[in-house]
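>
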Amino acid sequence: MSVLQVLHYPDERLRTIAKPVEKVDAEIQSIIDDMFETMYAEEGIGLAATQVDIHQRIIVIDVSENRDQLLVLINPELMNEVGATGIEEGCLSVPEQRAFVPRFEQVKIKALDYHGQPFELEADDLLAICIQHEMDHLVGKLFIDYLSPLKRQRIRQKVEKIDRLRAKDK
Numbered sequence: 000m001s002v003l004q005v006l007h008y009p010d011e012r013l014r015t016i017a018k019p020v021e022k023v024d025a026e027i028q029s030i031i032d033d034m035f036e037t038m039y040a041e042e043g044i045g046l047a048a049t050q051v052d053i054h055q056r057i058i059v060i061d062v063s064e065n066r067d068q069l070l071v072l073i074n075p076e077l078m079n080e081v082g083a084t085g086i087e088e089g090c091l092s093v094p095e096q097r098a099f100v101p102r103f104e105q106v107k108i109k110a111l112d113y114h115g116q117p118f119e120l121e122a123d124d125l126l127a128i129c130i131q132h133e134m135d136h137l138v139g140k141l142f143i144d145y146l147s148p149l150k151r152q153r154i155r156q157k158v159e160k161i162d163r164l165r166a167k168d169k
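Residues 0 to 169 (numbering that gives the first Met the number 0) make up the sequence shown, in order.
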């Protein structure tokens, strides 16, 4: 397993629409393993393949405190959504920035698991929010797209400054 490089906004590759996974095989499982390793190394709770420049419909999530409830969503589809909620969201691709994003309170999805087996999942609270956030990535959408153009521009400038400072430190 290896830690992959997470793309940072405003990298245009984050806007790529992911393609469905045709077959879940050892190569896809290796990508998933690397995505979990990357997510944990970056201290995130979710990661979409597009964030690591892999343009396939793959999401990994672990919202548990003990970091032991791994969830794999391959080719996820939203089947139903209920209610309204929202929290201040952050994103590994938009480092050190947070903003309130409106989301559905509960979602029902269908997807394939790590072994390519179909399943359905009903989620609420943080898991529902995380699923929606990561599914946005698969269609090239970032949480900042819910913000005003002025707020997006400010965040872009902050992220570019953070990236410049990190590059200096290397």
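Backbone N, C-alpha and C fix where the C-beta goes; we use that ideal spot for every residue, glycine too.
Note that the structure is predicted; figures quoted are calculated from it, not measured.
If I follow the unbroken beta strand (DSSP E) through D67, where does it start and stop?
As a first step, residue 67 must be located in the sequence shown, where it is residue number 68. From DSSP, D67 is part of no beta strand (DSSP E); its letter is neither H nor E.
> Run through the segment 61-146 for me and flag every whole alpha helix (DSSP H) of 4 or more residues, listed as ranges in chain order.
The qualifying runs are 124-137.
> Using only the alpha-carbon positions, how far apart do F118 and K169 sit?
Here residue 118 is taken as the residue at index 119 of the sequence shown, counted from 1. Here residue 169 is taken as the residue at index 170 of the sequence shown, counted from 1. If you take the alpha carbons of F118 and K169, they lie about 43 Å apart.
> What residue range is occupied by the uninterrupted beta strand (DSSP E) comprising A47?
By 1-based counting over the sequence shown, the position of residue 47 is 48. Unbroken beta strand (DSSP E) run through A47: 45-47.
> Where P19 and R153 are concerned, what is the direct C-alpha to C-alpha distance, given to the nearest angstrom?
By 1-based counting over the sequence shown, the position of residue 19 is 20. By 1-based counting over the sequence shown, the position of residue 153 is 154. Taking the straight line from one Cα to the other gives about 34 Å.
> Whole angstroms are fine: how far does the CA of Q156 sit from the CA of L69?
Walking along the sequence shown from the start, residue 69 turns up at place 70. Walking along the sequence shown from the start, residue 156 turns up at place 157. Roughly 34 Å separates the two Cα atoms.
> Determine the burial state of L164: buried for a count of at least 16 other Cβ atoms within 10 Å of its Cβ, exposed for fewer.
Position 165 of the sequence shown holds residue 164. Its Cβ having fewer than 16 others within 10 Å, L164 is exposed.
> Counting C-beta neighbours from all protein chains within 10 Å, is the total for H136 16 or more, i.e. buried, or is it exposed?
Locating residue 136 in the sequence shown gives position 137, where the first residue counts as 1. Label assigned to H136: buried.
> Check the C-beta distance from V5 over to L111 and give it rounded, since I have them as a contact under 8 Å.
Mapped onto the sequence shown, residue 5 falls at position 6. Mapped onto the sequence shown, residue 111 falls at position 112. V5 to L111, Cβ: 24 Å. No contact.
> Do you know offhand how far P75's Cα is from I57's?
Within the sequence shown, numbered from 1, the residue matching residue 75 stands at position 76. Within the sequence shown, numbered from 1, the residue matching residue 57 stands at position 58. Distance between the alpha carbons of P75 and I57: 8 Å.
> Return the Cβ separation of V23 and G115 in integer angstroms, given the expectation that the two are a contact with Cβ distance under 8 Å.
By one-based count along the sequence shown, residue 23 stands at place 24. By one-based count along the sequence shown, residue 115 stands at place 116. At roughly 3 Å, the Cβ-Cβ gap stays under 8 Å, so V23 and G115 are in contact.
> Are any of the Cβ atoms in chain B nearer than 8 Å to that of L111?
The chain labelled as chain B is not found in the depicted structure, where only one protein chain is given.
> Within a Cβ cutoff of 8 Å, which residues of the same chain sit near P9, ignoring the five residues on either side of it in sequence?
Here the question's residue 9 lines up with position 10 in the sequence shown. Once the five neighbours on either side are set aside, the close Cβ partners of P9 are R155, V158, E159.
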